[in-house]
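Report on the following structure.
The structure is reproduced here in structure tokens:
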């Protein structure tokens, strides 16, 4: 840990001691006067199009893990994974990753981001039905009573405050647009609370080894609040922080250094929301952020496999900053639609720019029509991102998409959201998953499961001696890390060859070569060092037929994918997580490796089958 980080952490500790005393009265956030006079909010600067005529109404939202909102609507401190609640204590005293934690705090925070507040206010605005306002008012009062400023788990993360304050301001904007004086009191409390949260976040930006997507989302929340409240110093500070952190956290080829597509999209959404509010005051994102957003969009678009699916490595907690519908959208589509609209490109990054309701509330009908008339950005047959360490190959006349991970574990010293998946591949055919990533499951509350879903043997790669390539030390902390080197790429006469190696089992060396041509991919794995090794393949369905060294998997489209291993295949059940907090059972195939193993993967159509 650097001297600068030690000093910063010491300063944060001192500030925490001060805040424990200053906020000992346990008041609602809107009653806090520790940060000075609250300016008047200009909610029109959120840029909401109140003429939008395509909308839903409702009071319920989706929670993570399949939990029913109706059972948790006021259980603000619910542990979810166990019957109890998180205990009430000062925010800085929580240790969410401890073995004794009652549940996964990320699941809890989904409820407390207050997407339901914005949904209720929107529903009240479009229908004029008092029941929506009464429900909103009741929830707000109950939350404020149970969550005094800086007390309870909802105040332990500045990033959560930033997401919440954006939703509070959007909620207030819909109430203001409704034009009912009866809502004025709640609207004012929402605005004051949002300003206080922004003032607090400014003092607690995530820094040094803790600086990842959190810092960017924190700064985005402050930038939105600064625009609404006319806080010019705050805005300049937030934009400067966004410029430096986005540059620091993103490779030049557009891949986010966290090695997780979801968190790249999360950052992109944050930047687009800042861009959106800046437009209302005649400003624009700094040029460096615009340039980086373009490259990030190119990578995200390259990850599209059709049918609203995208290939992604690393963690995915399904986080969304702003969602004005009862159900979450296809997140990559939504974010790429925002990029199309905010950057005013010469092409669109997604098939349908009006892919979800939120986009309709942010942009007028004419603007959406113009964006949808733009030519669609086309993916090339091969798109390699050597800095970020991902290569995506489209083969079988574009029906097959294979992604090869030859990048680092993750970002910085912690590599918080990376998985031990170096040299792994994923495969989609006709938009259907074939060779899959295990997903994330949950972050906290069950260390065994957290480690399992990040482990090497649940990814489509080689595992030596039953060990992980990299050493997991905590839910968001890695020790020894596998380093990928020697990436080579060749494209010639319709054939693609790519290879790389890593030192995760040093002194044993592991190398993988992938050749793609026509309707087949050939994967050669080499291990030098004499230890027992195995190559693993993971499929999402039990409908896999295995015979010796051959496995066949029939897709819904009728296409057969055949895997021909250079040895006898072992087959067993495989637990994966298709959605955060949920699991399913697929099939794991494994085959032993003695120095070298070649595996053929064939896409067989129609009369070729059998």
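In full-length UniProt numbering, the protein residues as written are 1 to 610. For each residue, glycine too, the CB sits at the ideal point set by N, CA and C. Computed from a predicted structure; not experimentally measured.
Is it a yes or a no for the stretch 58-76 touching the stretch 369-385, going by three-plus beta-carbon pairs under 8 angstroms?
-> They do not touch, by the three-pair rule.
Pick from 357, 506, 535 and 6 that is closest to residue 56, judged by C-alpha positions | Each of 357, 506, 535 and 6 was checked against the Cα of residue 56, and the nearest Cα belongs to 357.
From the DSSP output, in three-state form, read off residue 517 for me.
-> Here DSSP, grouped into helix, strand and coil, assigns residue 517 to strand.
Meets three-Cβ-pair contact criterion under 8 angstroms: the stretch 529-545 and the stretch 590-603 = Cβ pair count under 8 angstroms is three or more, so yes.
I think residue 569 touches residue 551, with their Cβ atoms under 8 angstroms apart; what is that distance to the nearest whole Å?
-> Yes, they are in contact, since the Cβ atoms of residue 569 and residue 551 sit about 6 angstroms apart, within 8 angstroms.
Output the distance between the C-alpha atoms of residue 290 and residue 343, rounded to the nearest integer angstrom.
-> So the alpha carbons of these two residues sit roughly 7 angstroms apart.
Which two residues bound the contiguous alpha helix (DSSP H) that contains residue 86?
-> From DSSP, residue 86 is part of no alpha helix (DSSP H); its letter is neither H nor E.
Spatial neighbours of residue 171 in its chain, beta-carbon cut-off 6 angstroms, leaving aside the 5 residues before and after | If you ignore the 5 residues before and after residue 171, its C-beta comes within less than 6 angstroms of the C-beta of 117, 118, 121 and 190, all in its own chain and listed in chain order.
Can you give me the start and stop residues for the alpha helix (DSSP H) that residue 158 sits inside?
-> Annotation for residue 158: the continuous alpha helix (DSSP H) segment containing it runs 158-178.
Tell me, which residues are paired with residue 230 by DSSP?
-> For residue 230, which the question treats as bridged, DSSP gives no partner whatsoever.
Quickly, what does DSSP pair residue 474 with across the bridge? List them, please.
-> DSSP lists 477 as partners of residue 474.
Counting only beta-carbon atoms, is residue 402 nearer than 8 angstroms to chain C?
-> The structure shown contains no chain C; it is built from a single protein chain.
Whose C-alpha, out of 447, 423, 547 and 427, is nearest the C-alpha of residue 487?
-> Residue nearest to residue 487 within the set 447, 423, 547 and 427 is 423 (criterion: CA-CA distance).
Find the nearest neighbour of residue 527 within the set 16, 182 and 594, judged by alpha-carbon distance.
-> For residue 527, the closest of 16, 182 and 594 by C-alpha to C-alpha distance is 594.
Can you tell me which of the three DSSP states residue 146 falls into?
-> When DSSP states are grouped into helix, strand and coil, residue 146 belongs to the helix group.
CA-CA distance, residue 36 and residue 447?
-> When rounded, the distance between both Cα atoms is 42 angstroms.
For the candidate residues 198, 132 and 229, whose alpha-carbon lies nearest to that of residue 183?
-> Checking every option, the nearest Cα to that of residue 183 belongs to 132.
CA-CA distance, residue 500 and residue 268?
-> Using only the alpha carbons, I get a separation of about 29 angstroms.
Count the other C-beta atoms from every protein chain shown that fall within 10 angstroms of the C-beta of residue 25, then say buried if there are 16 or more, exposed otherwise.
-> Classified as exposed, residue 25 has fewer than 16 neighbouring CB atoms from the shown chains inside 10 Å of its CB.
The alpha helix (DSSP H) enclosing residue 350, as first and last residue numbers = That residue, residue 350, is in no alpha helix (DSSP H); it is neither H nor E in DSSP.
Close Cβ partners of residue 18 (< 8 angstroms) along its chain, the five nearest in sequence each way excluded = Beyond the five residues adjoining it in sequence on each side, residue 18 comes within less than 8 angstroms, by CB distance, of no other residue in the same chain.
Kindly list the residues whose CB is nearer than 6 angstroms to the CB of residue 546, restricted to its own chain and excluding five residues on each side of it in sequence; keep chain order.
-> Shown here for residue 546: same chain residues with a beta carbon closer than 6 angstroms to its own, the five before and five after excluded, namely 569 and 571 in chain order.
For residue 197, name the three-state secondary structure that DSSP assigns.
-> Residue 197 falls in the helix class under three-state DSSP.
For residue 252, which residues from the same chain have a beta carbon less than 8 angstroms from its beta carbon, with the 5 sequence-adjacent residues on both sides left out?
-> Only 295 and 387 meet the Cβ criterion.
What are the boundary residues of the alpha helix (DSSP H) that residue 272 is part of?
-> Counting along the chain, the alpha helix (DSSP H) containing residue 272 begins and ends at 261-279.
Pick out whichever of 539, 560, 390 and 565 has its Cα sitting closest to the Cα of residue 548.
-> The residue among 539, 560, 390 and 565 with its C-alpha nearest the C-alpha of residue 548 is 565.
Simplified DSSP assignment, three categories, for residue 57 = Coil.
Are there 16 or more other CB atoms within 10 angstroms of the CB of residue 13, so buried, or fewer, so exposed?
-> By the neighbour-count criterion, in which a residue is buried when 16 or more other Cβ atoms sit within 10 angstroms of its Cβ, residue 13 is exposed.
Through-space distance from residue 558 to residue 610, alpha-carbon basis | For residue 610, the pLDDT reaches just 48, beneath the cut-off of 50, and the residue's location in the model is therefore unreliable, although a value from the coordinates is still provided. Roughly 12 angstroms between the two C-alpha positions.
Can you tell me whether residue 347 is buried or exposed, with buried defined as 16 or more other CB within 10 angstroms of its CB?
-> Residue burial annotation: residue 347 is exposed, with fewer than 16 other C-beta atoms found within 10 angstroms of its C-beta.
Between residue 272 and residue 562, what straight-line distance do the alpha-carbon atoms span, to the nearest angstrom?
-> Each residue's Cα considered, the two are about 42 angstroms apart.
Buried versus exposed, by CB contacts within 10 Å (16 or more), residue 473 | In summary, residue 473 is exposed, with fewer than 16 beta-carbon neighbours lying within 10 Å of its beta-carbon over all protein chains present.
Start and end residues, alpha helix (DSSP H) containing residue 533 = No alpha helix (DSSP H) holds residue 533; the beta strand (DSSP E) holding it covers 533-539.
Over what stretch of residues does the beta strand (DSSP E) that includes residue 127 continue unbroken?
-> It is not in any beta strand (DSSP E) - residue 127 instead sits in the alpha helix (DSSP H) that spans 115-127.
My understanding is that residue 110 touches residue 159, with C-beta atoms under 8 angstroms, so please give their C-beta distance in whole angstroms.
-> Going by Cβ atoms, the distance from residue 110 to residue 159 rounds to 13 angstroms, so no, they are not a contact pair.
Residues near residue 169 in its chain [Cβ-Cβ closer than 8 angstroms; skip 5 each side] | If you ignore the 5 residues before and after residue 169, its C-beta comes within less than 8 angstroms of the C-beta of 41, 43, 46, 190, 191, 194, 224, 225 and 228, all in its own chain and listed in chain order.
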